[in-house]
Amino acid sequence: MSHEFLKLFELFIAASVINNFVFTRFLGLCIFFGVSKKMETAIGMSITFTAVMVISAALSWLIFTYIMVPLEITFLKIIIFIGVVAAFVQGADTIMRKVSPGLYYKLGVYLALISTNCIIVAVPLINAESHYNFLESLSFGLGSGIGFALALTIMASIREKLELADVPRPFKGMPIAWVTTALIALAFTGFSGLITL
Amino acid sequence: MEHHEEKISYLQLIKNGVFKENTIFRLVISLCPSIAVTNSVRNGFLLGMAVLFVQSMVNTTVALLRRFIHPRIRIPIFMLIISGWVSVVDMIMAAYARAAYKEIGLYVEIIVAFASILARAEMFASKNRPLAAFFDGFGSGLGFMIALVVISFFRELFGSGSLAGIPIIHAKPLLIMIMPAGGFIAVGLLMGFFNWIDIRFYGGKGAGGAAGH
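If you're matching them up, the sequences are chains E and W in order. Each residue of the first sequence is one higher than the last, beginning at 0 in numbering that gives the first Met the number 0. Each residue of the second sequence is one higher than the last, beginning at 0 in numbering that gives the first Met the number 0.
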């Protein structure tokens, strides 16, 4: 039992820090640069994103294992996973609007953005390819979500300061954000080799 | 005469996709692969080809079906068309380019979630004739491919001292350029460079595009 728990923990750390989706796998960059301008939006996005990530990892694992593998339609995984995720996001959007309008007012915008995020499709695909079991998929999803949240909050806190900095004109906005990200990514390479899976 | 006119407008569609609305450098969307696969020219070129193919075919398909798609459910239908074509490319690459597929396979599958492809389908292909839609998709895809090749050109040249696998610089390479961080630096500097050209020679504002997704 404790060995299994250790495996899950390792997977979580690996997904969130060592193989951080933004800094070493370069996924979800569009959203990463899009919403990291302000701390407030970054935090809202992080919460929504992590929740969607865990639930969609669970959903697509169930569908992959109990429907796609027995029917031998795993070659359709791209179509099915994007369908599952998009349907789930759309469903969550509708339910949230009806059940708790206050929460919807705060987080609804991010929910709409999420369906075009590449990480959300990448996690089910990686789960399916690495043959993770249910709990492993969950902890991989959670780790990826937390890792993305970490990246987003770090970047937001830097970019709030960057607004006041005197940046050369051609580098204002996007280019300087990219160079900043490069430096953070460089720092994150320090985590590699922390755990060998 | 009419034929001649159409030819010009198709050329303009392609030019628009390559220069004015270049997906990576001007619109700043669909960025994920611009770093992930650009550590060698071969990988950048292959993914660019995949996107070029998917974008053209999706645009054509959407334009052909545009009268039959109900506007209310158009987005799910577009997603279905996109993921269908991506699956085709995915399987072709898995069969015929195995070595490269091992490195960039995940990113080929990720083409499904590209904002740029959905955006072209929604903004152009769903309102235009198939042939025009095809050229629009071709231009947009070509712009994407050129951007990937430019980025990977610099990264491979400085990072491993070679081009498309052929060694060119016989000195100790800058390892950082093929590391993850190098991708961010390369794209950041190139973006700054294009902004500088825009400001210096064309009197633009050099905003570097509104950061969408």
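C-beta: ideal position from N, C-alpha, C; glycine also. What you are looking at is a predicted structure, and each value in this text was computed from that prediction instead of being measured.
Would you give the residue range spanned by the alpha helix (DSSP H) that residue i belongs to?
| i | result |
| --- | --- |
| L64/W | Taken as a continuous stretch (DSSP letters only), L64/W belongs to no alpha helix (DSSP H), as it is neither H nor E. |
| Y65/E | Y65/E -> no alpha helix (DSSP H), and no H or E assigned at all. |
| T180/E | M173 to F187 |
| Y201/W | P179 to Y201 |
| R158/E | F133 to L161 |
| V166/E | Neither: V166/E is in no alpha helix (DSSP H) and is coded neither H nor E. |
| P32/W | C31 to A35 |
| S115/W | A114 to M122 |
| P123/E | C117 to E128 |
| I30/E | L28 to V34 |
Indicate whether residue i and residue j have their beta-carbon atoms separated by less than 8 Å.
| i | j | result |
| --- | --- | --- |
| F187/E | T23/E | yes |
| F193/W | I13/W | no |
| A62/W | P129/W | yes |
| A184/E | P32/W | no |
| S52/E | A155/E | Here the sequence assigns Met to residue 52/E, which means Ser is not the residue at that position. It is not a contact, given that the beta carbons lie outside the stated cut-off. |
| I116/W | V57/W | yes |
| A269/E | S143/E | Beyond the ends of chain E as shown, which are 0 and 196, falls residue 269/E; an answer cannot be given. |
| P200/E | G191/W | Beyond the ends of chain E as shown, which are 0 and 196, falls residue 200/E; an answer cannot be given. |
| A132/W | A124/W | yes |
| V120/E | V111/W | yes |
| S86/W | F137/W | no |
| G182/W | I34/W | yes |
| G140/W | V50/W | yes |
| V178/E | G187/W | yes |
| N19/E | A127/E | no |
| I103/W | L162/W | no |
| F32/E | A176/E | yes |
| S39/W | E155/W | yes |
Could you have a look at residue i and say whether DSSP puts it in helix, strand or coil?
| i | result |
| --- | --- |
| P166/W | strand |
| S161/W | strand |
| S1/E | helix |
| A96/W | coil |
| E102/W | helix |
| E20/W | coil |
| Q25/W | The sequence given here places Arg at residue 25/W; Gln does not occur at that position. Of the three classes helix, strand and coil, the one that applies to R25/W here is coil, per DSSP. |
| F22/E | coil |
| K171/W | coil |
| S39/W | coil |
| K105/E | helix |
| G207/W | Confidence is the limiting factor: at G207/W the pLDDT is only 47, short of 50, which leaves the residue's position unreliable, though a coordinate-based value still follows. DSSP places G207/W in coil when its eight states are reduced to three. |
| E39/E | helix |
| S8/W | helix |
| L193/E | coil |
| E108/W | helix |
| R154/W | helix |
| I46/E | helix |
| R215/W | For residue 215/W there is no data in the structure shown, the boundaries of chain W being 0 and 212. |
| H212/W | Because the pLDDT at H212/W is just 35, under 50, the model does not fix this residue reliably, and the point stays unresolved. |
| I72/E | coil |
| F11/E | helix |
| V148/W | helix |
| G83/W | helix |
Counting beta carbon pairs with one atom in the region 104 to 113 of chain E and one in the region 74 to 83 of chain E, are three or more of them shorter than 8 Å? A contact between stretches requires three or more CB pairs, one per stretch, nearer than 8 Å, and the region 74 to 83 of chain E fails this requirement with the region 104 to 113 of chain E.
What are the start and end residues of each continuous beta strand (DSSP E) run of 3 or more residues lying completely inside the region 76 to 102 of chain E, in chain order? Here no run is fully enclosed.
Pairs of beta-carbons, one from the region 20 to 38 of chain W and one from the region 61 to 76 of chain W, closer than 8 Å: are there three or more? Flag = no, the region 20 to 38 of chain W and the region 61 to 76 of chain W do not touch.
Meets three-Cβ-pair contact criterion under 8 Å: the region 39 to 48 of chain E and the region 125 to 133 of chain E: Fewer than three Cβ pairs drawn from the region 39 to 48 of chain E and the region 125 to 133 of chain E lie within less than 8 Å of each other, which leaves the two stretches out of contact.
Is it the case that the region 92 to 102 of chain W contacts the region 159 to 177 of chain E, given that we only count it when at least three CB pairs across the two stretches are under 8 Å? Contact fails: fewer than three Cβ-Cβ distances are below 8 Å.
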